[in-house]
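Protein chains in written order, with the numbering used here: chain A, 1 to 481; chain W, 1001 to 1255.
What follows is a short report on a single structure.
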């Protein structure tokens, strides 16, 4: 027990590694939200009329909606009039190459280890960096363009490929899907757009790094990925944010569409500021992520490593429409100190012989609360559907909580549904055994946690898996005596 | 002959209950000592206290390993200084392969000595060589540490780890418990192969059986928190024949 008390004490002393801010000139709109703000954003981005109308419709819907209270998290109500809805780094002169990018910005990315530099580009990573609301730099676009792949900020896609954006935006997550999706639809600032044409296998991992960098700025990213028939794409999303005293709202929407025989692999490593040791500050992360397996034999796979945010509220889901389509969800969610996470997935089986696989690994330390919430829904028409779910919880110390809320709705008797759940604890015996072999407690926790999460980490592309492994260790650093 | 381990008047308690009540023990390099005794005499407590388990409080006395005060060292530094404990109940660590666990342990030891980590190729070769000592199949390297291992496999894995870490003082806590005769022979063979003039072994056991294979230089009887009798290996045979009661009675009379 003494050791576990030490663990708790140390947890509380652990500091956020990436807690720094850059001093880049910001263009800010005053706090608050009304129709004029939406018109301002839309005008700033030279959007076509249809998109402005779409935003305004969403805003009207949002005004009639109420904030959801069903997640197993507690936080003071968000004052939506106390948020700045537009912030963009001021461009000195449109940077055409890396040399022209604000050196301070580059230095920040350097500190974060964000691979904007040439070596990384040569290593095959194209990076579409989003700092606050406006994309700063996109690489590799020309090469991708040769294959007909479109990978650009969504605002650019609106200008250059309006027919694609108009066809798909809101098709997976409708504007009135939920409170935060409606808000995002009304005020989304920017995000990424990906289109992979028929039969094309995207030759590189596409990655985007998000950072929240402006005081009191809500971030409303919007990502849309379309994989046309027989195509393949792997998309990586990673986040770190500087330390902040005030809570920051993040309400992103990600929509994925996989057509016949197409596959989308979407990986996230999320490390936003979780609040300090006393639970002060930290990001509110209320995200809607959903993919639809539109065509036969299509596949969508979500992998997430969630270590940050004060509050996480996130259920990457797959709608399995096409026959034989497959959905996967692999998740590691870490909560430490006062963090709260309510995360999981939804697998909606509609097509015949659709399959889904859920592997969720929760890790709780400190006085945090970690909930898995997952829905497996098999419709009457979904003949021969199969689901496998595994939900594991790992506890460090005895002041944290792990909760599992599985929902199962099966309307077709040919369905096969399996659910396994375990709860384990990093006990003193385990730590002492490691200590006796010369492994100190901190390294032991990292070793044990990475072992526990291995099945999920293995789903990540190699270079990302290494980063994620380090991140798990950093997140639980100090959770040791 | 310099003493490798020197325990003086060691008192230790758990939750205010005194278990060790003045243990004195000196082990020299090159020696094998056996510590025997009935259940509850404090044998496993002694092993845990040596390794630095936090549950126990040392209230009096001292432990020196190679002249260093063990009480000043964390459990991991005791390991780095050459102390190895083969556990009676080795823990299972799901998801952490035996290879990865050992790589971490060996590299921590190397870092303590100021050495670079071993390169993966050399490390794998070393593991495969050391596994032969206890007739372990290399397939164990990729399996989660001790998870789903049989009792015998776990104990062999302990000795394999000992072979990798090359301790100066190995303490085997009831390593023979739960072993069949073949496994016992393999485990003992591994321990014997690791003996050098510069290291020492302390074997904690209930039964004389193990001592047929790992022949001790000195046998101690621990009873009621003290070493009440020491002798050569014939003492173990006598205990086997007569049980512990005569020692308890004699000790009671002496007291």
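Backbone N, C-alpha and C define an ideal beta-carbon position, used for all residues, glycine too.
Keeping to the same chain, check which residues put their C-beta closer than 8 Å to that of residue 1241 of chain W; ignore five residues upstream and five downstream. none
Could you check how far apart the C-beta atoms of residue 332 of chain A and residue 453 of chain A are, in whole angstroms? I think they sit under 8 Å. 4 Å
Is it true that the segment 460-470 of chain A meets the segment 1124-1131 of chain W, where meeting means three or more beta-carbon pairs spaced less than 8 Å apart? no
Beta-carbon proximity list for residue 402 of chain A, same chain, < 7 Å, skipping 5 on both sides: 362, 364, 370, 393, 395 and 423
Can you tell me whether residue 409 of chain A is buried or exposed? The criterion is at least 16 other CB atoms within 10 Å of its CB, across all chains shown. exposed
Could you pull out every residue in the same chain whose Cβ sits closer than 7 Å to the Cβ of residue 1020 of chain W, ignoring the five residues on either side in sequence? 1010, 1011, 1012, 1042, 1045, 1046, 1049 and 1225
How would you call residue 81 of chain A, buried or exposed, if buried means at least 16 neighbouring beta carbons within 10 angstroms? exposed
Spell out whether any CB of chain W is found under 8 Å from the CB atom of residue 436 of chain A. yes
Using only alpha-carbon positions, find the residue among A:39, A:45 and A:69 that is nearest to residue 53 of chain A. A:39
Does the CB of residue 124 of chain A have a neighbour CB from chain W at under 8 Å? Caution applies to residue 124 of chain A, whose pLDDT of 35 falls short of 50 and renders its modelled position unreliable; the value that the coordinates give is listed next. Chain W contact via Cβ: absent.
If you draw a straight line from the C-alpha of residue 388 of chain A to the C-alpha of residue 430 of chain A, how long is it? 30 Å
In or out: residue 231 of chain A buried (at least 16 other Cβ within 10 Å) or exposed? buried
What distance in whole Å lies between the Cβ atoms of residue 1036 of chain W and residue 1215 of chain W, which are believed to be in contact at a cut-off of 8 Å? With a Cβ gap of about 14 Å, residue 1215 of chain W and residue 1036 of chain W do not count as contacting.
Relative to the alpha-carbon of residue 417 of chain A, which residue among A:439, A:368 and A:354 has its alpha-carbon at the smallest distance? A:354
Measuring only between beta-carbons, confirm whether residue 58 of chain A sits less than 8 Å from chain W. no
Can you check whether the CB of residue 306 of chain A is closer than 8 Å to the CB of residue 334 of chain A? yes
Run down chain A in chain order and give the residues with a C-beta less than 9 Å from the C-beta of residue 1073 of chain W. Near residue 1073 of chain W there are no residues of chain A at all, since even the closest Cβ is about 11 Å away, more than 9 Å.
Counting only Cβ-Cβ distances shorter than 7 Å, please list the residues of the segment 426-452 of chain A near chain W, keeping chain order. 429, 430, 432, 433, 435, 436, 437, 438, 439, 440, 443, 447, 448, 451 and 452
Under 8 Å Cβ to Cβ from residue 1110 of chain W, same chain only, skipping five residues before and after it: list those, please. 1116, 1117 and 1118
Any chain W beta carbon closer than 8 Å to residue 222 of chain A: no
Do you know how far the Cα of residue 308 of chain A is from the Cα of residue 1222 of chain W? 53 Å
Who are the near neighbours of residue 330 of chain A in its chain, counting only those whose CB is closer than 6 Å to its CB and skipping five residues on each side? 303, 359, 456 and 459
The beta strand (DSSP E) with residue 327 of chain A in it runs from where to where? 326-335
Here's a check: name, in chain order, each residue in its chain whose Cβ is nearer than 8 Å to the Cβ of residue 1164 of chain W, leaving out the five neighbours to either side. 1102, 1105, 1106, 1126, 1127 and 1130
Residue-level contact to chain A via CB, residue 1019 of chain W, 8 Å cutoff: no
Starting from residue 387 of chain A, follow its DSSP beta bridges and name the residues at the other end. A:356 and A:417
Inter-residue CB distance, residue 205 of chain A and residue 461 of chain A (contact presumed, cutoff 8 Å): 5 Å
Identify whether residue 145 of chain A lies in helix, strand or coil by the three-state DSSP scheme. helix
Contact criterion: CB-CB distance below 8 Å. Does residue 1206 of chain W meet it with respect to chain A? no
The alpha helix (DSSP H) enclosing residue 1075 of chain W, as first and last residue numbers: 1075-1080
Rounded C-alpha distance that separates residue 249 of chain A from residue 79 of chain A: 10 Å
Using the rule of at least 16 other Cβ atoms within 10 Å of the residue's Cβ for burial, across every protein chain shown, is residue 160 of chain A buried or exposed? exposed
Would a check of beta-carbon distances place residue 1053 of chain W closer than 8 Å to chain A? yes
Would you decide whether residue 1250 of chain W is buried or exposed? Buried here means 16 or more other CB atoms lie within 10 Å of its CB. exposed
Residue 301 of chain A: first and last residue of the uninterrupted beta strand (DSSP E) it sits in: 299-306
Under the assumption that residue 1033 of chain W contacts residue 1202 of chain W (Cβ atoms under 8 Å), give the Cβ distance between them as a whole number of angstroms. 5 Å
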